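Everything below concerns the one structure shown next.
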Amino acid sequence: MFSGAGVFAEGVIIALVIRDVIYLKADATTYEAFQQEGSAPFSYLAKGRKRVINSFWRMPERLYDDPDELAVWAEQALAVAQRAAAGKAKSSGKKKQASPRARAR
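Just so we're aligned: 84 in numbering that gives the first Met the number 0 is position 85 of the sequence shown, and the numbers increase by one with no gaps anywhere.
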């Protein structure tokens, strides 16, 4: 998907580091905060088309000089990642129904 590094905490990915830029995990609960900071979601070109990954947003520049505020944003990214993981665990816990063809056998 990308060439970079993932930052993990408590077993979930909370950030990406790509070309010396940090992208924090985000969701609908944090998009507005990123937008207010002038941030944008991670994007890349693939086969001549721009792809946007809304689940990771560029870390606001001011956080590089404010470790206390960075810690707050990192905690939010962790909470987002944990919610996403919990949602995936719920959906993968459902039993798959056999296709009509398989049931007919």
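All C-beta atoms in this analysis are idealised placements derived from N, C-alpha and C, irrespective of residue type, glycine included.
This structure is a prediction, so every number in the text was calculated from the model and none was measured.
Where residue i falls, given that 16 or more other Cβ within 10 Å makes a residue buried
| i | result |
| --- | --- |
| glycine 86 | exposed |
| leucine 44 | exposed |
| tyrosine 22 | buried |
| alanine 4 | exposed |
Under 8 Å between C-beta atoms of residue i and residue j
| i | j | result |
| --- | --- | --- |
| valine 20 | alanine 14 | no |
| valine 79 | threonine 28 | yes |
| alanine 84 | valine 11 | yes |
Integer Cβ distance of residue i from residue j, believed to fall under 8 Å
| i | j | result |
| --- | --- | --- |
| leucine 77 | glutamate 9 | 7 Å |
| serine 38 | arginine 50 | Wrong, their Cβ atoms sit about 17 Å apart, outside the cutoff. |
| tryptophan 56 | alanine 88 | Actually they do not touch by this definition, with Cβ atoms about 24 Å apart. |
| proline 113 | glutamate 36 | As shown, the chain starts at 0 and ends at 104. That puts residue 113 outside it, with no answer to give. |
Secondary structure of residue i, DSSP reduced to three states
| i | result |
| --- | --- |
| proline 40 | strand |
| alanine 25 | coil |
| glycine 5 | strand |
| arginine 50 | strand |
| arginine 82 | helix |
| arginine 57 | strand |
Nearest-angstrom Cα separation, counted from residue j out to residue i
| i | j | result |
| --- | --- | --- |
| aspartate 64 | arginine 48 | 34 Å |
| arginine 61 | glutamine 81 | 25 Å |
| glutamine 34 | alanine 73 | 17 Å |
| glutamine 75 | lysine 46 | 33 Å |
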